[in-house]
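Visitor:
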Amino acid sequence: MINVLVFPCGSEIGLEVHNALRFDKHIELFGLSSVSCHARMVYKNYLEGISFYTSETFIEELNKVIDDNKIDVLIPAYDDIIVYLSEIRDKLRCKLVTSGKEACDISRSKIKTYELFKGEFFTPRMYEAENIRENDLPLFAKPDIGQGSQGIMKVENMQDVQALKRVDEDYVISELLPGEEYTIDCFTDLKGKLLVASMRERRRIRMGISVNSATVVLPKEVRKIAEIINEKVEFNGVWFFQVKKDKNNNFKLLEMAPRVAGSMSTSRIKGFNYILNSVYQVMGYEVCAIPNLIEHVEVERAFSNKYIIDIDYNYVYVDFDDTITYQNTVNTVVISFLYQCLNEGKVLCLVTRHAKEIEESCKKYHIDMSMFSEIIHIKDEAKKSEYVSHLDAIFIDDSFRERYDVSSACKIPVFDVDGVEALLNWKY
Ligand SMILES: Nc1ncnc2c1ncn2[C@@H]1O[C@H](COP(=O)(O)OP(=O)(O)O)[C@@H](O)[C@H]1O
Ligand SMILES: [Mg+2]
Numbered sequence: 004m005i006n007v008l009v010f011p012c013g014s015e016i017g018l019e020v021h022n023a024l025r026f027d028k029h030i031e032l033f034g035l036s037s038v039s040c041h042a043r044m045v046y047k048n049y050l051e052g053i054s055f056y057t058s059e060t061f062i063e064e065l066n067k068v069i070d071d072n073k074i075d076v077l078i079p080a081y082d083d084i085i086v087y088l089s090e091i092r093d094k095l096r097c098k099l100v101t102s103g104k105e106a107c108d109i110s111r112s113k114i115k116t117y118e119l120f121k122g123e124f125f126t127p128r129m130y131e132a133e134n135i136r137e138n139d140l141p142l143f144a145k146p147d148i149g150q151g152s153q154g155i156m157k158v159e160n161m162q163d164v165q166a167l168k169r170v171d172e173d174y175v176i177s178e179l180l181p182g183e184e185y186t187i188d189c190f191t192d193l194k195g196k197l198l199v200a201s202m203r204e205r206r207r208i209r210m211g212i213s214v215n216s217a218t219v220v221l222p223k224e225v226r227k228i229a230e231i232i233n234e235k236v237e238f239n240g241v242w243f244f245q246v247k248k249d250k251n252n253n254f255k256l257l258e259m260a261p262r263v264a265g266s267m268s269t270s271r272i273k274g275f276n277y278i279l280n281s282v283y284q285v286m287g288y289e290v291c292a293i294p295n296l297i298e299h300v301e302v303e304r305a306f307s308n309k310y311i312i313d314i315d316y317n318y319v320y321v322d323f324d325d326t327i328t329y330q331n332t333v334n335t336v337v338i339s340f341l342y343q344c345l346n347e348g349k350v351l352c353l354v355t356r357h358a359k360e361i362e363e364s365c366k367k368y369h370i371d372m373s374m375f376s377e378i379i380h381i382k383d384e385a386k387k388s389e390y391v392s393h394l395d396a397i398f399i400d401d402s403f404r405e406r407y408d409v410s411s412a413c414k415i416p417v418f419d420v421d422g423v424e425a426l427l428n429w430k431y
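Under our numbering, read the sequence shown as residues 4 to 431, first letter to last.
1. What's the C-alpha gap between G244 and K113?
2. So what does DSSP say about Q245, is it helix, strand or coil?
3. What would DSSP say about Y277, mapped onto helix, strand or coil?
4. When every heavy atom of ligand 1 is checked, does at least one fall within less than 6 Å of the C-beta of S392?
5. Alpha carbon to alpha carbon, how far is E90 from R226? Give it in angstroms, no decimals.
6. So which of E424, L180, N233 and I155 has the shortest CA-CA distance to V170?
7. Which class does I381 belong to by DSSP, given the choice of helix, strand or coil?
8. Looking only at C-alpha atoms, which of D315, Y283, I297 and F125 sits nearest to G274?
9. Since H21 contacts V9 with CB under 8 Å, what's their CB separation in whole angstroms?
10. At a cut-off of 6 Å, would you count E204 as near ligand 2, judging by its Cβ distance to the nearest heavy atom?
11. Is M156 helix, strand or coil when you go by DSSP?
12. What do you get for V220, buried or exposed, if any count of 16 or more other CB atoms within 10 angstroms of its CB means buried?
13. How close, in whole Å, do the beta carbons of Y320 and F398 come, if the pair is a contact with beta carbons under 8 Å?
14. According to DSSP, simplified to helix, strand and coil, what is G240?
15. Please give the ranges of any beta strand (DSSP E) in the segment 198 to 241, keeping only runs that are unbroken, at least 3 residues long and fully inside the region.
16. Assuming V423 and V337 form a contact by the criterion Cβ under 8 Å, report the distance between their Cβ atoms to the nearest whole angstrom.
17. Would you call G13 buried or exposed, if buried means 16 or more other Cβ atoms sit within 10 Å of its Cβ?
18. Apply the 10 Å Cβ neighbour rule to C291 and answer buried if 16 or more other Cβ atoms are within range, or exposed otherwise.
19. Do you know whose CA, among Y329, I84, K309 and F120, lies nearest K104's CA?
20. Pick from A132, A358, L50 and A80: whose alpha carbon is nearest that of D71?
21. Output the boundary residues of the alpha helix (DSSP H) element that contains L341.
22. Going by other Cβ atoms of all chains shown within 10 Å of its Cβ, with 16 needed for buried, is Y439 buried or exposed?
23. Residues in the same chain with beta-carbon distance under 6 Å from V333, minus the five sequence neighbours each way, listed in chain order, please.
24. What residue ranges within the segment 247 to 272 form continuous beta strand (DSSP E) runs of no fewer than 3 residues, ordered along the chain?
25. Applying the criterion that 16 or more other CB atoms from any shown protein chain within 10 Å of the CB defines a buried residue, is Q284 buried or exposed?
26. Verify whether the separation of the beta carbon atoms of E237 and A106 is less than 7 Å.
27. Nearest-angstrom Cα distance between H29 and R262?
28. From I69 to V76, what distance separates their C-alpha atoms?
29. For a quick check, are the C-beta atoms of S102 and N276 less than 7 Å apart?
30. L394: buried (16+ other C-beta within 10 angstroms of its C-beta) or exposed?
31. Between E131 and the rest of its own chain, which residues show a CB-CB distance below 8 Å, the 5 nearest in sequence each way excluded?
32. Following the continuous alpha helix (DSSP H) through N22, name the residue where it begins and the one where it ends.
33. Less than 6 Å separating the Cβ of E172 from some heavy atom of ligand 1?
34. With C189 as the anchor, note down where its alpha helix (DSSP H) starts and where it stops.
35. Tell me whether A292 sits in a helix, a strand or coil according to DSSP, three-state version.
36. Would you say the beta carbon of Q245 comes nearer than 6 Å to a heavy atom of ligand 2?
Structure follows, in structure tokens:
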């Protein structure tokens, strides 16, 4: 078993790490966060309250978490933390999933990145604020050390140039790239070979995150860029870079990073688990890739809702028609919940007014009747509440009348089908 710790686990990267590793039988996953975050809903082993990484006691506290949980591997999941931990990795009492200090340091700075590749066909032309003339415009400016598109701006007129001269932060000013934008998810093996490079278009970006991303075939020029970067920078395991097309349709480099990208899942679903393989690689295993036949994967992202409901129950009374079933099929949300209950040792009771033989109908839907401890098939006018014999229970039914009856008579929580998602447990 490999014990893997993710910090900070609530970042977009931390949540993607969870998605990538949660079901692996060789990995026990732990999430660590300084502040309360969404990860509390998905990490089974969730640890909160470590000081910020800028605190003097941080390393000591981190090593205590590492010791207490026998952590083998730490995955940093935020840009500044990657750089910081790559610098002090000797002080950590476990292995660190990231490239060497130099690769992290160069990647963190766009100026250092562009300097390293000066003269290459894919490096955007850079400008000094002092030397910009009106006919150079429009240009593009962004912080030298930035993330999530914070502080980016189009430089459209000389007033913008003046404003840039006044900011304290270091900015990189470069040619404006008006074309499509892509991320290339990469993996470098222990011998320094570029094992995988998978390209996806960032089609819709909100708050710096690709909320729509779709894989595309990797063009020759972009493979060449990947090879050149991989040759010059010593990456280990997972990394990525971004390109955008200039006005002549040529790919130009935006940035590179020694880490998982937030929407890397598209490439992962295509068949190569970058994070899992990075973990294996730091543990000393040789990894290889399956040449996969899936060409197109598209991801659509949005906020996700997870709920905390203050109820305790051991029994679930559940209706059949239009509750477990949906338009002549099985409702897969409801059936997932029912299996979750069985996993947790809860007791399921089917309470139905089904018009046909319930046994036959269960068979038709491939539902095994043994999942129900009790099957109450009501064939008269009796109320469902008369059959609720346990009060540490919930009742799920699509009928308002039945819910009203059970709620009033038994005083137990009742749910319509839409509410079942709130009962799902996402912790792995
Ligand atoms: N030269 C440029 N021309 C046009 N848009 C750019 C340029 N550089 C960056 N951008 C836009 O700004 C966003 C952020 O830039 P990027 O280099 O990826 O930094 P970060 O993701 O670290 O904020 C990009 O996703 C892209 O949409
Ligand atoms: Mg970016």
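Note that CB positions come from ideal geometry on N, CA and C, so glycine has one too.
Guide: Walking through what the data contain:
1. The amino acid occupying residue 244 in the given sequence is Phe; Gly does not appear at that position. Annotation: F244 to K113 spans about 12 Å, alpha carbon to alpha carbon.
2. Three-state DSSP puts Q245 in a strand.
3. Helix, per DSSP.
4. Checking the Cβ of S392 against ligand 1 gives no.
5. If I take the Cα positions, the gap works out to 30 Å.
6. Nearest in C-alpha terms to V170, of all of E424, L180, N233 and I155, is I155.
7. Coil at I381, not helix or strand.
8. With distances taken between Cα atoms, G274 lies closest to I297.
9. Indeed, because the Cβ distance is near 7 Å, the residues count as touching under 8 Å.
10. E204 Cβ: outside cutoff for every heavy atom of ligand 2.
11. It is a strand residue.
12. Result: exposed.
13. That pair is a contact at about 5 Å.
14. If DSSP states are grouped into helix, strand and coil, G240 belongs with the strands.
15. Uninterrupted beta strand (DSSP E) stretches at least 3 residues long and entirely within the segment 198 to 241 occur at 212 to 219, given in chain order.
16. Confirmed, about 5 Å.
17. Per the 10 Å Cβ criterion, buried.
18. Burial call: exposed.
19. When only C-alpha atoms are compared, the closest one is I84.
20. For D71, the closest alpha carbon among the candidates A132, A358, L50 and A80 is that of L50.
21. Its alpha helix (DSSP H) spans residues T335 to N346.
22. Past the boundaries of the shown model lies residue 439; the chain is included only from 4 to 431, so the question cannot be answered.
23. Answer for V333: Y368, listed in chain order.
24. Listed in chain order, the complete beta strand (DSSP E) runs (minimum 3 residues) inside the segment 247 to 272 are 254 to 260.
25. Per the 10 Å Cβ criterion, buried.
26. In contact: E237 and A106 (Cβ atoms closer than 7 Å).
27. Each residue's alpha carbon lies about 22 Å from the other.
28. Cα atoms of I69 and V76: separation of roughly 9 Å, rounded to the nearest angstrom.
29. Against a cut-off of 7 Å, the Cβ pair of N276 and S102 comes out as no contact.
30. That one is exposed.
31. Within the same chain, E131 has close Cβ partners I176.
32. That run of the alpha helix (DSSP H) goes E15 to L24.
33. Relative to the non-hydrogen atoms of ligand 1, the Cβ of E172 never comes closer than 6 Å to any of them.
34. No alpha helix (DSSP H) contains C189, which is instead part of the beta strand (DSSP E) from E184 to T191.
35. Residue state, collapsed to three classes: coil.
36. At a cut-off of 6 Å, the beta-carbon of Q245 counts as near ligand 2: some heavy atom of the ligand is closer than that.
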